[in-house]
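Have a look at the structure below before the remarks.
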Amino acid sequence: MNFNRILSPECSEIMEKQFLIDAFAKGEAWRLFKIIGEFVEGIETLNDIGPAVSVFGSARIRADDPIYKKSEEIA
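Using our numbering, the letters of the sequence shown correspond one by one to residues 1 to 75.
Now the structure itself:
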């Protein structure tokens, strides 16, 4: 039976969203706790480092490029 013919578009949309919430709740809750735990662990680890600077490079610049050399000097 196609319930979309019976239900109004608004009601059908609400039921679809509720289905997605129910499907999420069944398998994803523990996965979220694991991810949150990884964030907490990372933040606590970084907290012990103190003041620091991160330098991110690019694979698009070759090692013989003047900008690459200047970046090495600064770092």
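Note that beta-carbon positions come from the ideal geometry of N, C-alpha and C, so glycine has one too.
Remember, it's a predicted structure, so these values are computed and weren't measured experimentally.
In the structure shown, residue 40 adopts helical secondary structure according to DSSP, grouped into three states. DSSP places residue 56 in the coil class of the three-state scheme, outside both helix and strand.
In the three-state reduction of the DSSP assignment, residue 28 falls in the coil class. For residue 67 against residue 74, the beta-carbon gap comes to about 11 Å, at or over 8 Å, which does not count as contact.
Looking at the backbone, the Cα of residue 43 and that of residue 72 are separated by about 27 Å.
Each residue's CA atom was taken as its position, placing residue 41 and residue 14 some 37 Å apart.
Going by DSSP, residue 74 is part of the alpha helix (DSSP H) stretching over 66 to 74.
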